[in-house]
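Numbering (the working numbering), first residue to last: 1 to 430.
Heads up, the beta-carbon is just placed ideally off N, CA and C, and yes, glycines get one too.
It should be emphasised that the depicted structure is a prediction, and the values quoted were computed from it without experimental measurement.
One structure is given below, encoded as C-alpha cells.
Structural data, given as C-alpha cells:
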C-alpha cells in the first residue's frame with residue numbers, strides 16, 4: 001500500500017471509532033444537556049405526536065425541540081427520496097418495518113456498542129426483532145397495533161354459542177350455526193368474512209397472519225442480506241394450508257362457504273349485524289363503538305391453529321430510524337431515546353388505548369378487559385420485511401383471485417406470484 005492509502009485508511013478507521021464512541025457518549029449523556037432542534041417525518045398522526053412531545057417537555061428542564069411532519073404511506077417514499085436529493089431531508093423517520101427495505105441504505109444503524117442487542121431483545125416484544133441487522137439496530141419501536149377479532153355477542157348468544165372461537169377449526173361448527181341463507185341460497189348472515197381481497201378489510205394482514213401461523217415467515221434474508229420470499233411450495237413450512245383455509249370460505253361448493261363479493265365489506269357487515277365476527281386492529285375499537293353504539297360486541301384474540309402451528313398474528317408497528325445523511329444523527333438518537341423512555345411509553349399506551357411495544361410496560365399488568373386482550377396479542381405479534389404493503393397486497397390479492405376464480409391451481413398460483421414477489425423484493429433491495 002502507498003503512504004497515501006495507509007493514511008487514508010487510518011483516518012477512515014479513526015472516523016468509525018469516533019462515531020461509535022460518540023453514540024455511546026450521547027446515550028449516556030445528561031438528559032439536561034441542551035440538544036439542537038431536529039425534524040422527524042412519519043406516518044403517525046401529527047396531533048397525537050405533538051401532544052405526546054408537549055407532555056414530555058413539561059417534565060424536562062430543557063424541552064426537546066422537534067418539528068414533526070406527517071406523511072401518508074403512499075406519499076412518504078417519494079417525498080422522502082426527493083427531500084434527500086434536495087439536501088433538506090429529516091433527521092429521523094417514524095415508519096413501519098415493511099417500509100424499511102427500500103430505505104435501508106438511507107438509515108444509519110445504531111451500533112450495538114450503544115444499544116446492545118441483548119438489551120433490545122429484553123426490552124421489546126418479539127416483533128421488534130425485525131429491526132435487528134448485522135450492522136446494528138435499524139429502528140427503535142414506538143407503537144404496535146395488533147389484529148384482534150371482534151365478535152357479536154347477540155348473534156353468538158342467539159345461536160346458543162357460549163363463547164368466541166379460540167382456534168380456526170372451531171369455525172366449522174360456528175359457521176353452520178351463524179351463517180344464514182335465503183331460499184335462493186343467498187347469504188344473508190355469516191360467521192366469518194374471509195376468502196376474498198375485494199371486500200375483506202385487512203385481507204393482506206389476515207392472510208399474512210395465516211402464513212406466519214403455519215410457520216412461514218413470508219420473507220427472509222439470505223447470508224448476503226438479500227431478501228426473498230418464503231412463499232414457495234418447497235419451503236420447509238408450506239404456505240399452501242394457509243391459502244386453502246383462506247380461500248375455502250368463498251367457494252360455493254365448500255362446506256365452509258359463507259362469503260362472496262355480493263356482500264358489503266367485512267367491517268360494514270359486522271357493524272350492520274350481519275356478520276358474527278370482524279378481524280380488525282386494536283385501534284379500531286373506539287370507531288366501531290362510535291359507528292354503532294347499539295351493537296353488543298366484544299374483543300377476542302385472533303384465532304390460532306389448534307396443533308402443528310405457531311402462535312402468531314400480524315401487527316402494525318412503527319419505529320424511529322435515524323437518517324444517514326442528517327448532520328444531527330447523534331442529537332436525534334438522544335431525543336428518540338427520551339421519546340421511547342419506559343415512563344413516557346407507559347403514558348403513551350394509556351393515551352392511545354393500545355398495547356405497548358415494551359415488555360416492562362406490558363408486565364405491569366392491567367385490569368382493563370380490552371387492554372388485557374391487546375397485550376396478549378402484542379406479545380405474539382409479528383410482521384415481515386416487505387417491498388411495501390401496497391405491492392404485497394396486490395400480489396397476495398392476485399394469488400387469491402387466481403385460486404378462487406379457478407384460473408389456476410393453488411401450486412401454480414403460488415409459484416407465479418412467488419416469482420413476481422421475489423422480483424419486487426430484489427428491485428427494492430437494490
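Alpha helix (DSSP H) segment containing residue i, residue limits
| i | result |
| --- | --- |
| residue 378 | 369-379 |
| residue 433 | The structure shown has nothing for residue 433, since the chain only spans 1 to 430. |
| residue 397 | 389-404 |
| residue 177 | 171-178 |
| residue 240 | 240-248 |
| residue 419 | 410-429 |
| residue 457 | The structure shown does not extend to residue 457, since the chain spans only 1 to 430, so no value can be given for it. |
| residue 366 | Residue 366 -> no alpha helix (DSSP H), and no H or E assigned at all. |
Residue i versus residue j: straight-line alpha-carbon distance, rounded
| i | j | result |
| --- | --- | --- |
| residue 320 | residue 216 | 27 Å |
| residue 415 | residue 240 | 11 Å |
| residue 225 | residue 289 | 44 Å |
| residue 334 | residue 126 | 24 Å |
| residue 165 | residue 99 | 33 Å |
| residue 74 | residue 80 | 11 Å |
| residue 192 | residue 47 | 35 Å |
| residue 132 | residue 107 | 13 Å |
| residue 351 | residue 291 | 21 Å |
| residue 367 | residue 349 | 14 Å |
| residue 259 | residue 420 | 28 Å |
| residue 453 | residue 76 | Shown here, the chain extends from 1 to 430; a query on residue 453 therefore has no answer. |
| residue 185 | residue 97 | 43 Å |
| residue 338 | residue 43 | 20 Å |
| residue 389 | residue 208 | 11 Å |
| residue 175 | residue 311 | 23 Å |
| residue 173 | residue 230 | 32 Å |
Neighbourhood of residue i by C-beta distance below 7 Å, restricted to the same chain and skipping five residues each side
| i | result |
| --- | --- |
| residue 53 | 64, 66 |
| residue 142 | 94, 318, 319, 320, 340, 357 |
| residue 92 | 38, 40, 320, 321, 322, 323, 332, 336 |
| residue 237 | 214, 215, 216 |
| residue 299 | 148, 150, 285, 370, 373 |
| residue 145 | 281, 282, 283, 315, 316, 354 |
For residue i, the first and last residue of its enclosing beta strand (DSSP E)
| i | result |
| --- | --- |
| residue 156 | Counting along the chain, residue 156 falls outside any beta strand (DSSP E), though it belongs to the alpha helix (DSSP H) covering 153-158. |
| residue 299 | 297-300 |
| residue 220 | 219-221 |
| residue 42 | 38-42 |
| residue 214 | First-last for residue 214: undefined, no H or E at that position. |
| residue 227 | 227-229 |
Cβ shell of residue i (< 8 Å), same chain only, five flanking positions each side left out
| i | result |
| --- | --- |
| residue 57 | 63, 64 |
| residue 254 | 248 |
| residue 411 | 233, 240 |
| residue 112 | 136, 137 |
| residue 21 | Reliability of the predicted coordinates at residue 21 is poor, the pLDDT of 44 falling under 50, and the value obtained from them is presented with this limitation in mind. Around residue 21: no qualifying Cβ. |
| residue 206 | 147, 194, 200, 246, 279, 314 |
| residue 197 | 203, 204, 393, 396, 397, 400, 401 |
| residue 360 | 123, 342 |
Residues sharing a beta bridge with residue i, DSSP
| i | result |
| --- | --- |
| residue 281 | 147 |
| residue 358 | 124 |
| residue 513 | The requested residue 513 does not occur in the structure, where the chain is confined to residues 1 to 430. |
| residue 164 | Paired residues: none, contrary to the question. |
| residue 34 | Residue 34 is not bridged to any residue. |
| residue 181 | 187 |
| residue 382 | 314 |
| residue 304 | 167 |
| residue 53 | According to DSSP, residue 53 bridges with nothing at all. |
Residues near residue i in its chain [Cβ-Cβ closer than 6 Å; skip 5 each side]
| i | result |
| --- | --- |
| residue 168 | 303 |
| residue 374 | 282, 355 |
| residue 296 | 153, 154 |
| residue 265 | 199, 201 |
| residue 275 | 190, 193, 269 |
| residue 188 | 180, 182 |
| residue 424 | 387, 391 |
| residue 329 | 108, 322 |
Ignoring anything shorter than 3 residues, give me the beta strand (DSSP E) runs that lie fully in the stretch 71-156, in order along the chain. 92-95, 140-152
Enumerate, from N- to C-terminal direction, the unbroken alpha helix (DSSP H) stretches of 4 or more residues contained entirely within the stretch 331-356. 342-352
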